[in-house]
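What follows is one structure encoded as structure tokens, with my remarks underneath.
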Amino acid sequence: MTSFTLTMKRIIFGIFIIAVMTLTAVFAPLVAPYDPLEMDLSPEGRLKPPSPEHFFGTDNLGRDVFSRMLYGARISLSVGFIAVIISVCIGILLGGLSGYYGGRVDALIMRFVEVMYCFPTFFLIMMVITFLGPSIVNVMVVIGLTSWPGLCRLVRAEFLSLRERDFVSSAKVQGIPDRRIIFRHILPNAMAPVYVSATLSVGAAILVESALSFLGLGVQIPRPSWGNILTAGKNYLDYAWWLTFFPGIAILLTVLSFNLVGEGLRELLDPRLRKRK
Amino acid sequence: MRGAERVFLCWKRSLAFLSVAFFLGIDLPGYGAAVPRDSYVAGGISDARVLIPFLADDTASSSICELIFNGLTKVDKDLRVTGDLARSWKISEDGRLITFYLRDNVRWHDGKAFTAEDVKFTYEQILDPSNGSPYIGSYSMIREVRVLDEHTVSFEYEEPYAPALLKLGMGILPQHILRGAEDIRSSDFATRPVGTGPYRFGRWKNGEYIVLEANRDYFEGVPGIKRYVYRIIPDQAVAFLELVSGGVDSVALSPYQYRYRSRTKDFVEKIEKYKYPSHSYVYIGYNLKDPLFSDKRVRRALSYAVDTRKIIDSVLLGLGSPSTGPFLKGSPFYDESVEGYPYDPGRAEALLKEAGWEDTDGDGILDRDGVPLSFTVATNQGSRVREDTATIVQSQWAEIGVDAKIRVVAWSAFLDQFVNKKNFQAVILGWTTPIDPDIYSVWHSDSSREGGLNFVSYSNGRVDALIEEGRREFDTRKRREIYHELHGLISRDAPYTFLFVPYSTPAVNRRFKGIEPSPAGIGYNFIEWYVPEEEVKYKF
Amino acid sequence: MKYYIIKRLLLTIPMLIGISIIMFVVMHLAPGDPTSMRYGLNPEVSQGARANFNRMYGLDEPLHVQYGMWIKRLLTLDFGRSLIDDRPVIDKVASRLPATVLLQAVSILLIISIAIPLGAAGGLKRGSFFDKVTTVFVFVGYAMPTFWLALILIFIFGFKLGWLPVSGMTPWYADYLPFSAKAGDLAWHLVLPVVTTAFGGLAALSRYSRSSMIEVLREPYILTARAKGLSENRVVFVHALKNALLPIVTILGLTLPALISGSFIFETIFAWPGMGRLGYEAIMNYDYPVIMGVGVMATLLTLLGIFISDVLYAVVDPRIRLGGE
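Residue numbers (the working numbering), protein chains in the order written: chain A, 40 to 316; chain B, 12 to 551; chain C, 332 to 656.
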């Protein structure tokens with residue numbers, strides 16, 4: 040079917056971009072032509088436009104933007120991944136408990152989820168980063184701690200339907216402990232929406248980091264992240280377009296890829312869409 | 012964080028902002044012609060907070076207060092104290108009594124006459140703790156304010172206090188409006204003030220703009236510009252675009268904008284840029300309680316190893332000048348003959364060697380008794396200049412084998428956990444340099460208690476004595492000698508590496524004429540600015 | 332319905348308490364305080380003055396006492412006074428609220444009027460060229476760092492071409508303009524912020540309406556309608572679209588938090604005098620009462636959004652009886 044091949048194409052495109060970005064991030068020290076922190080403070084060394092020598096030009100302190108982008112990929116991607124890992128862990132745990140036990144536990148957790156839902160999360164993130172200080176760890180943790188409610192709801196819904204299934208009741212009859220049932224029996228069957236949601240969240244987390252950087256609350260210089268390279272370049276929008284263009288495109292492409300993959304997965308995994316193919 | 016910059020790069024600059032040199036002989040068109048024209052739109056990053064001079068603690072509020080209110084004294088374009096509401100003053104023999112003779116032609120914006128009662132009332136309010144003035148400490152030595160007659164008022168001090176003349180430049184409030192007001196802080200007056208200054212309050216749209224209208228009855232003459240508008244544009248990049256496209260007439264440029272963005276035809280045709288030393292300096296401070304820095308030779312070596320010129324050129328793009336001491340550059344108290352520590356890595360290495368620091372294990376880092384010369388430099392987050400400076404200093408120290416790590420911490424946490432608790436090794440920070448040279452609060456050993464501003468714990472008996480002498484001495488020539496000696500002493504002890512004084516770099520639309528940059532900046536003669544008839548932009 | 336509304340309103344109370352506790356704890360557990368933020372390392376401000384300031388605002392009390400005082404005042408709808416300028420928080424928030432609501436409302440309208448047709452049409456012609464293009468378009472919108480887009484738009488349309496204002500909401504000389512010019516001017520200033528906000532917000536809604544359309548088209552009643560020989564237009568617009576739109580109403584309420592989150596950045600870039608900027612500035616200044624005020628207000632707005640979409644859902648779908656369960 041055409042829509043199926045289209046979906047696959049998108050997923051492959053997304054995975055390809057993500058793979059490229061991840062590889063450059065992992066092998067940044069090998070690929071980068073320069074030290075990302077090394078400055079060239081001579082007037083000629085600063086704000087050099089892209090050239091064979093500096094693919095993406097140099098910034099205001101004469102640092103090679105290409106190398107900074109490579110190292111920035113490390114930080115931006117790890118913010119994305121780690122934040123999502125944190126959020127997935129919390130989401131699965133609370134969603135699983137809530138869906139499995141139901142009753143009071145469920146009510147309590149769902150009230151909490153509602154609170155988190157109604158609170159403009161970005162405001163909370165700004166608060167926490169401001170008050171606890173901006174650092175890469177804080178940024179990761181805070182994004183992770185604030186982005187789990189959606190996932191929690193998904194997991195809960197899956198658990199609600201799965202816990203009525205035969206294999207669960209038979210496991211219960213056999214006296215297998217709850218913990219084991221939750222993690223070994225139900226969870227593997229409930230992972231489909233988690234994959235989708237997690238993939239989408241990585242992109243979202245990268246965007247949040249860049250937004251925080253814009254407000255001066257992201258990963259701190261001189262450590263490069265795509266967000267803070269982009270922010271540092273905003274003062275040279277016309278004078279040195281390459282300072283904003285490359286990080287902007289990198290963020291855009293990466294987030295786009297995660298979304299294509301996530302949406303694609305959703306289409307592939309969604310039983311309602313799948314069954315009729 | 013912007014708050015951080017604001018906190019120490021601003022406050023008393025405001026005093027210098029509006030002071031008027033009134034040359035009767037020169038006939039300026041517009042000024043004195045009784046027809047103020049056009050509007051001047053200044054762009055700033057944050058809104059004003061409170062328009063009461065003794066409560067204003069941010070740049071926006073103080074610069075607007077300067078236009079609405081007058082103090083007893085002010086500083087002129089060369090940073091000398093001169094009369095404002097006071098025509099003249101007399102200091103008693105023992106230096107404890109200052110008598111001010113007030114102008115008798117001053118009226119409040121509502122038409123009532125200004126008198127000595129207003130002065131007494133204002134200082135009573137400042138000294139009342141329930142009003143919460145942050146500057147209350149500057150006036151704590153006042154024993155009594157006495158009204159001698161309608162236009163004469165005297166201040167009696169506990170002991171002679173030379174900075175008093177400048178401190179008494181605080182804007183005076185109308186007692187006929189505020190007497191009996193329950194709480195000045197939250198009264199209507201704080202958002203709709205009435206003063207004696209060249210501009211009267213117009214309207215304030217929260218978060219957007221403040222409009223002031225020219226006071227045609229101003230005692231020094233009619234201002235040349237009809238309206239002063241303060242527009243709030245939080246993002247600096249956007250503010251610049253507004254400047255060039257005409258949405259605002261003036262903004263403070265960043266060094267990059269000054270150097271690189273001001274070459275376009277649009278800019279050159281429409282906008283004039285200015286530069287002059289700001290009243291602040293940036294330094295590296297060493298915690299003298301830390302064994303690494305207790306040896307003067309180490310501090311001197313570190314100072315020699317820093318190439319200030321290069322930092323200025325790269326961080327400020329040349330828009331700054333090296334500094335060697337804590338006084339206001341360009342004022343008589345700053346001793347130009349102090350050499351400081353010109354870049355000399357050879358000398359730095361020699362000094363370190365003399366102090367016992369050598370690279371014995373060949374790891375590229377100096378060591379002594381097995382301890383490497385390695386420490387952390389902390390600075391506050393949000394100041395690009397300081398962060399970039401830290402990065403460069405780090406690489407310059409690395410060249411002589413000193414290993415410095417940079418730690419950038421959010422302002423409030425930085426103060427709380429590092430500075431106030433003296434829990435740091437070295438910091439990169441900045442001070443504003445008040446016009447009065449009294450440096451008691453930063454350099455006297457008495458100020459090194461926890462929470463005090465002498466957080467590097469500097470202590471030198473001779474320095475203490477000179478500081479005490481300096482603040483009791485009213486004679487400028489004698490004070491000059493005292494502070495020159497202090498300058499040399501502090502430089503030799505090297506508790507700080509004095510780095511540089513950044514320039515202020517404002518840009519103003521070219522249709523405004525009459526701007527004369529001076530050590531006090533450009534704003535001091537704002538009421539003399541004017542726009543030629545044919546260039547007027549806002550005709551209403 | 333009445334029962335539902337009352338229940339909803341009652342539910343906001345524990346929610347507000349929960350949120351205010353979270354905020355209170357975050358603010359006060361952190362190192363640093365408003366006075367050091369404001370007066371730290373200021374040679375002009377003595378330690379005594381700082382202590383005095385803390386005393387005036389009750390900042391020297393223990394945490395639970397401060398929270399208790401806050402709640403107690405809140406019962407009389409008193410949000411306290413700003414630590415920065417001493418104005419009542421409620422006034423500050425109220426003066427900034429209209430600008431935010433205006434911007435958000437116009438953006439949401441724009442999002443609805445673009446995203447739903449785009450998504451529905453894409454779903455209808457699934458896999459077509461149009462579908463592919465719009466899909467890429469909305470994805471790019473979502474993936475673009477919004478402040479970058481905002482700066483680019485300001486730069487091109489405000490600065491280079493000069494077609495639109497660079498920033499601000501009402502010019503300072505608005506008072507000297509006649510009313511009609513004022514309204515036009517406001518619309519003019521709205522263009523860039525609205526376009527930026529909307530572009531980023533298209534994705535969710537249009538994807539949702541696309542898949543909802545796809546799903547509906549597979550429903551038996553559509554097949555029946557087609558089998559009955561109804562015109563394709565009638566099938567699509569009367570039967571499919573109406574049913575596809577139902578679930579979309581619910582997602583509207585959920586886009587609101589995202590939009591409010593965006594406002595913290597947009598309002599700063601566009602010098603828009605709204606609540607987002609107020610909140611950001613309050614955080615930067617450690618202005619506790621204003622932070623709390625903005626947080627509570629933003630939550631209420633979100634709740635209101637959810638509430639409205641719930642009610643709308645009930646209105647458009649007669650099968651649903653609110654509070655019937």
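Just so it is clear, CB atoms sit at the ideal spot from N, CA and C, and this is done for glycine as well.
If you're wondering where the values come from, they're calculated on a predicted model, not measured in any experiment.
Chain-ordered chain C contacts of residue i [CB-CB under 8 Å]
i                      : result
residue 157 of chain A : 346, 350, 588, 630, 633, 634, 637
residue 217 of chain B : 423, 426, 427, 604
residue 53 of chain A  : None at all; the shortest Cβ gap to chain C is about 10 Å.
Close Cβ partners of residue i (< 6 Å) along its chain, the five nearest in sequence each way excluded
i                      : result
residue 167 of chain A : 181
residue 292 of chain A : 56
residue 81 of chain B  : 95, 96, 207, 208
residue 221 of chain A : 135, 139
residue 528 of chain B : 285, 287
Beta-bridge partners of residue i, as assigned by DSSP
i                      : result
residue 69 of chain A  : The partner list for residue 69 of chain A (beta bridge, DSSP) is empty, contrary to what the question assumes.
residue 109 of chain A : Partner(s): none; residue 109 of chain A has no beta bridge.
residue 331 of chain B : B:513
residue 508 of chain B : B:295
residue 386 of chain B : B:415
residue 51 of chain B  : B:239
residue 284 of chain B : B:518
residue 223 of chain B : B:212, B:239
residue 529 of chain B : B:532
residue 94 of chain B  : B:84
Simplified DSSP state of residue i, which is helix, strand or coil
i                      : result
residue 291 of chain A : helix
residue 369 of chain B : strand
residue 295 of chain B : strand
residue 77 of chain B  : helix
residue 601 of chain C : coil
residue 146 of chain B : coil
residue 391 of chain B : strand
residue 390 of chain C : coil
residue 351 of chain C : helix
residue 541 of chain C : helix
Own chain residues within Cβ distance below 7 Å of residue i, not counting five before or after
i                      : result
residue 288 of chain B : 332, 340, 341, 512, 514
residue 128 of chain B : 158, 186
residue 385 of chain B : 376, 414
residue 273 of chain A : 283
CB contact flag (residue i, residue j, <8 Å)
i                      : j                      : result
residue 166 of chain B : residue 109 of chain B : yes
residue 103 of chain A : residue 68 of chain A  : no
residue 282 of chain B : residue 53 of chain B  : no
residue 498 of chain C : residue 595 of chain C : no
residue 468 of chain C : residue 250 of chain A : no
residue 540 of chain C : residue 447 of chain C : yes
residue 426 of chain B : residue 367 of chain C : yes
residue 262 of chain B : residue 499 of chain B : no
residue 245 of chain A : residue 126 of chain A : no
residue 163 of chain A : residue 236 of chain A : no
residue 239 of chain B : residue 254 of chain B : no
Cβ-based neighbour list, residue i, same chain, cut-off 8 Å, excluding 5 preceding and 5 following
i                      : result
residue 308 of chain B : 362, 363, 365, 366
residue 462 of chain B : 431
Contact set between residue i and chain B, taken where Cβ atoms lie within less than 9 Å
i                      : result
residue 507 of chain C : 549, 551
Neighbour list for residue i in chain C, Cβ cutoff strictly below 7 Å
i                      : result
residue 220 of chain B : 503
Within chain B, the residues that residue i reaches when beta carbons sit closer than 7 Å
i                      : result
residue 608 of chain C : 218, 245
Proximal chain A residues relative to residue i, where beta-carbon distance stays under 7 Å
i                      : result
residue 361 of chain C : 170, 171
If contact means a Cβ-Cβ distance below 8 Å, which residues of the stretch 239-258 of chain A contact chain E? Of the protein chains in this structure, namely A, B and C, none is chain E.
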